[in-house]
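Just so we're aligned, residue 63 is where the sequence shown starts under the working numbering, counting upward by one.
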Amino acid sequence: MCSIIGYLGLSSAAPIIVKGLKRMEYRGYDSVGVATFSEHQISVRKGVGKVLEVNKTEKLDELSGTIGIGHTRWATHGMVTDTNAHPHPSSSGEIAIVHNGIIENHEELKKELQKHGYTFKSQTDSEVIANLLQYNYDKTREIKKSVVDTVAELKGNYAFVAVFQDGTLSAARLHEPLIIGVGKEGYFISSDVLGFVEYTDEVIYPDNKEFVIIDKEGLKIFDFDANPVRHQITKVSKEFADVYKGQYAHYTLKEISEQPLTVSSAGNNTKLEIDLASDLIKHARNVYITGSGTSYNAALIAKFLFSKYAKIKIDPLISSEAQFSPDMFEEKSILVAISQSGESADVLEAVGIAKKTGSKIISIVNMMTSSLVHQSSISMGLNCGPEIGVAATKSFTSQLVVLYKIIDKICDGCMELDLTKVSEAIKKILSNDSKIKDVAKRLKNVSDIYVLGRGMHYPIASEGSLKLKELTYIHAEGLPGGELKHGPLALMDSNSYVLIINPNDSTYNDTLTSAREIKARGAKIIGISDKPSDVYDHWIDIPSINEPLYPLVEIVPIQLLAYYAAIDKDFDPDYPRNLAKSVTVK
Ligand code: F6R
Numbered sequence: 063m064c065s066i067i068g069y070l071g072l073s074s075a076a077p078i079i080v081k082g083l084k085r086m087e088y089r090g091y092d093s094v095g096v097a098t099f100s101e102h103q104i105s106v107r108k109g110v111g112k113v114l115e116v117n118k119t120e121k122l123d124e125l126s127g128t129i130g131i132g133h134t135r136w137a138t139h140g141m142v143t144d145t146n147a148h149p150h151p152s153s154s155g156e157i158a159i160v161h162n163g164i165i166e167n168h169e170e171l172k173k174e175l176q177k178h179g180y181t182f183k184s185q186t187d188s189e190v191i192a193n194l195l196q197y198n199y200d201k202t203r204e205i206k207k208s209v210v211d212t213v214a215e216l217k218g219n220y221a222f223v224a225v226f227q228d229g230t231l232s233a234a235r236l237h238e239p240l241i242i243g244v245g246k247e248g249y250f251i252s253s254d255v256l257g258f259v260e261y262t263d264e265v266i267y268p269d270n271k272e273f274v275i276i277d278k279e280g281l282k283i284f285d286f287d288a289n290p291v292r293h294q295i296t297k298v299s300k301e302f303a304d305v306y307k308g309q310y311a312h313y314t315l316k317e318i319s320e321q322p323l324t325v326s327s328a329g330n331n332t333k334l335e336i337d338l339a340s341d342l343i344k345h346a347r348n349v350y351i352t353g354s355g356t357s358y359n360a361a362l363i364a365k366f367l368f369s370k371y372a373k374i375k376i377d378p379l380i381s382s383e384a385q386f387s388p389d390m391f392e393e394k395s396i397l398v399a400i401s402q403s404g405e406s407a408d409v410l411e412a413v414g415i416a417k418k419t420g421s422k423i424i425s426i427v428n429m430m431t432s433s434l435v436h437q438s439s440i441s442m443g444l445n446c447g448p449e450i451g452v453a454a455t456k457s458f459t460s461q462l463v464v465l466y467k468i469i470d471k472i473c474d475g476c477m478e479l480d481l482t483k484v485s486e487a488i489k490k491i492l493s494n495d496s497k498i499k500d501v502a503k504r505l506k507n508v509s510d511i512y513v514l515g516r517g518m519h520y521p522i523a524s525e526g527s528l529k530l531k532e533l534t535y536i537h538a539e540g541l542p543g544g545e546l547k548h549g550p551l552a553l554m555d556s557n558s559y560v561l562i563i564n565p566n567d568s569t570y571n572d573t574l575t576s577a578r579e580i581k582a583r584g585a586k587i588i589g590i591s592d593k594p595s596d597v598y599d600h601w602i603d604i605p606s607i608n609e610p611l612y613p614l615v616e617i618v619p620i621q622l623l624a625y626y627a628a629i630d631k632d633f634d635p636d637y638p639r640n641l642a643k644s645v646t647v648k
């Protein structure tokens, strides 16, 4: 999703901005741009492509000046073109802005501004911010007043940074992330700590409906009614600076490979919170659980395990569906919200709806500095380090471990949660991946893959199919084994590939029966199991483990399969097309 950045300090701004944008690439984008202020003028350079590609042609980092703004765009309004890339200057060029989010009333505002003679070049909703600021600034020539008047008129969700022609920076936020870095030699404004963490770990988190003004006199923060606001400076963890690939070809492979460690450390930084959350859930009248994408798949496994082991019924809800079932939340319930980024707009919306009913929010989050944490009564950390690959891998297994710890606490250790064994099992899969690489090669020209599982392995089938879709662009579908004969069997023929998740547990025999039904229709079967069978055309061996822990282990070969199949097809597994890591728009 779009990333915004701003810098005002003693050093040359453009190289700092380009580096910050590179660091935030993982969030997903299609074009990039930088504007700097120098010698009473704002200069803009931008284009379609990756940060380093555009930098090569447009020489973004050679723009002069010690004040500037930058942006990576993920198109929402208007095609992916150079003109639609940010920054957008106002029609007089006295102000330029970068924006993350959506301005809902941009069409009305644009018409109104055009009547006053302001002109537009792009098809974006964002350009309206530049001209609206300019319109309000032209009335009084006061920056603070122009920002107050502008935010009063904008509808939607946004974070923007504006550079004015006197070298002042101003940034405002409404339901989109915005973080201020306070360095020894300058100020940073960014959507993400990664935008500046190598320069400072001292940060300020402006709240919703607040804006900042940064000029040579320093930093001032105000609410949208122009009242001054005070915020404490907090320190972020230096671990966020550790975002290099090291020996690995891709972040995705690095993150898959980190799982023996991350399953052991999940939740270790928030042990007390896990105890408190377990207690709240145990005594709650109603418990709901929500998330998007991978995080929702973790929620589905949790539903299964909570009822089986903790004897607690919890209702899962896809976050983006919450707005259509606002009456679902009973008064004073518990909502467990799961999110790697803690910034998914859909998850935050579900949380907002639940809070209106007086419900308490318990969150399971990787980015402990995120909006979701700020909105929760209790937050538990994944503690798995930054996840840069757009497809969630290590964060998924860490989410599961935190959920397992809560359930295990409630059922007094009934899950026999031996994470050392899980870690050993994952290590074994990682060190013995030749079969997976071989199977990945066979998927090169395949158009459809089905992933089958029963019981708690069905959400893993969904998660596995999500990884295959995202990384290989092959149509993939997760199916509950028993549903085959109710429809999907019609699709099976000799061109189909079916991944069967079949650990040697209580689902084993029924799943094997499903595999035989598919085999009889000529489809190719890839078995993921600790037990061989003649029904599998290809067998990917996984270590045996205590029954409830299989999901933590069986997802790993599917993550690897998706990764290697993407490599064979020459796709970039870290940045799948059209996707963003942090989906901050609805
Ligand atoms: C899948 C994936 C997405 C995210 C989803 C939620 O690999 O990465 O489906 O899981 O966008 O993101 P978070 O967990 O940050 O709320």
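All C-beta atoms in this analysis are idealised placements derived from N, C-alpha and C, irrespective of residue type, glycine included.
Task: Contacts around Thr482, its chain only, beta-carbon distance under 8 Å, and the 5 residues preceding and following it disregarded - done: Ser326
TODO: Rounded to whole angstroms, what's the CA-CA distance from Met477 to Ser438? Just pull it up for me.
DONE: 27 Å
Open item on the list: Rounded to whole angstroms, what is the Cα-Cα separation between Pro550 and Asn117?
Closed with: 48 Å
Task: Burial state of Ile400, where buried means 16 or more other Cβ atoms lie within 10 Å - done: buried
Open item on the list: Let me check you understand the geometry: is the CB of Ser556 closer than 7 Å to at least one non-hydrogen atom of the ligand F6R?
Closed with: no
Task: Gly355 CB to nearest heavy atom of the ligand F6R below 7 Å - done: yes
- [ ] Taking Ala311 as the reference, give the member of Ser644, Asp636, Asn640 and Met430 with the closest Cα.
- [x] Asp636
- [ ] Return the first residue and the last residue of the beta strand (DSSP E) that Leu514 is part of.
- [x] Asp510 to Gly515
Task: beta strand (DSSP E) runs wholly inside the segment 366 to 395, at least 3 long, in chain order - done: 376 to 380
Open item on the list: Any heavy atom of the ligand F6R inside 7 Å of the beta-carbon of Glu238?
Closed with: no
Task: Limits of the unbroken beta strand (DSSP E) element including Val560 - done: Tyr559 to Ile563
- [ ] Using alpha carbons as the reference points, say which of His133, Ser105, Ala75 and Asp123 lies closest to Met86.
- [x] His133
Open item on the list: Our contact map puts Val513 next to Ala552 with C-beta atoms below 8 Å; I'd like the distance itself, whole angstroms only.
Closed with: With a Cβ gap of about 17 Å, Val513 and Ala552 do not count as contacting.
Open item on the list: Using only CA atoms, which one of Gly248, Asn146, Lys246 and Ser252 lies nearest to Tyr220?
Closed with: Ser252
Open item on the list: Quick check on DSSP: helix, strand or coil for Ala407?
Closed with: helix
Open item on the list: Under 7 Å: does the beta carbon of Ser403 sit that close to some heavy atom of the ligand F6R?
Closed with: yes
- [ ] Going by CA-CA distance only, name the one from Gln621, Gly95, Thr324 and Ile374 that's closest to Arg135.
- [x] Gly95
Task: Coil, strand or helix - Phe458 by DSSP - done: helix
TODO: Please go through the segment 97 to 162 and give each complete beta strand (DSSP E) segment of 3 or more residues, from N-terminal end onward.
DONE: 103 to 110 and 129 to 135
Open item on the list: Would Glu247 and Asn359 be called neighbours here (beta carbons separated by less than 8 Å)?
Closed with: no
Open item on the list: Nearer than 7 Å: is that true of the beta carbon of Val213 relative to any heavy atom of the ligand F6R?
Closed with: no
TODO: Tell me, to the nearest whole angstrom, how far the beta carbon of Met442 is from that of Thr332; I am working on the premise that it is less than 8 Å.
DONE: 5 Å
TODO: Below 8 Å CB to CB, which residues in the same chain sit around Tyr180 once its five sequence neighbours on both sides are set aside?
DONE: Ser152, Ser153, Asn193, Gln196 and Tyr197
Task: Closest Cα partner of Gln103 within the set Gly130, Lys84 and Ser93 - done: Gly130
Open item on the list: For the pair the segment 552 to 567 and the segment 584 to 600, tell me if three or more CB-CB distances fall below 8 Å.
Closed with: yes
- [ ] Rounded to whole angstroms, what's the CA-CA distance from Ile488 to Leu410? Just pull it up for me.
- [x] 33 Å
- [ ] Might you give, ordered along the chain, the residues of its own chain that have their beta carbon closer than 6 Å to the beta carbon of Ala364, omitting 5 neighbours on each side?
- [x] Ile351 and Leu465
Task: Short Cβ contact (8 Å threshold) for Val398 with Val463 - done: no
Open item on the list: Quick check: is any heavy atom of the ligand F6R less than 7 Å from the C-beta of Ala158?
Closed with: no
Open item on the list: Mapping the DSSP letters down to three states, classify Asn270 as helix, strand or coil.
Closed with: coil
Open item on the list: Between which two residues does the beta strand (DSSP E) holding Leu546 run?
Closed with: Leu546 -> no beta strand (DSSP E), and no H or E assigned at all.
Task: Burial state of Ala214, where buried means 16 or more other Cβ atoms lie within 10 Å - done: exposed
Open item on the list: Is it buried or exposed, Glu115, if we count other Cβ atoms within 10 angstroms and call 16 or more buried?
Closed with: exposed
Open item on the list: On the CB-based measure, 16 or more other CB atoms within 10 Å of its CB, does Gly163 come out buried or exposed?
Closed with: buried
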